[in-house]
Amino acid sequence: RDEPVIGFVQSLLGGDRSTEKISFGSEAGLFKGELGIPGVVCGPGSIQQAHRPDEFVAIEQLGICAGMLGRLVDGLCESSLPA
């Protein structure tokens, strides 16, 4: 939680966003554990609605995610975060 990338992604989302550890599958832990590369898992929708027969993501959430990803690309191009 002290990694600069976490604060960077939080700033892209706007507002006061909390962080939490997750207990579902992601390669982020492997990148950190094996290579020392920190990661952030984020995306549209809710994990409570994921990986179910009636899984869905609201259109509004897709728009919010698209905006965040655009800001992510812009921010990475201008960033002084370590590579």
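Here the working numbering = 1-based position in the sequence shown + 1352.
Where a beta carbon is used, it is the ideal one built from N, C-alpha and C, also for glycine.
6 Å CB neighbourhood of residue i in its chain, flanking five on each side removed
i, result
"F1383", "I1389, G1391"
"E1355", "P1390"
"G1385", "none"
Span of the alpha helix (DSSP H) around residue i
i, result
"R1423", "1411-1430"
"S1378", "From DSSP, S1378 is part of no alpha helix (DSSP H); its letter is neither H nor E."
"G1359", "1356-1365"
Same chain only: Cβ atoms within 8 Å of residue i, ignoring 5 sequence neighbours per side
i, result
"Q1401", "E1407, F1408, V1409"
Nonlocal neighbours in the same chain, by C-beta distance under 7 Å from residue i, ignoring five residues either side
i, result
"P1396", "V1409, Q1413, L1414, I1416, C1417"
Classification of residue i by the beta-carbon crowding that lies within 10 angstroms, buried from 16 upward
i, result
"V1361", "buried"
Among the options, nearest to residue i - alpha-carbon criterion
i, options, result
"I1374", "L1421, R1404, S1398, V1425", "S1398"
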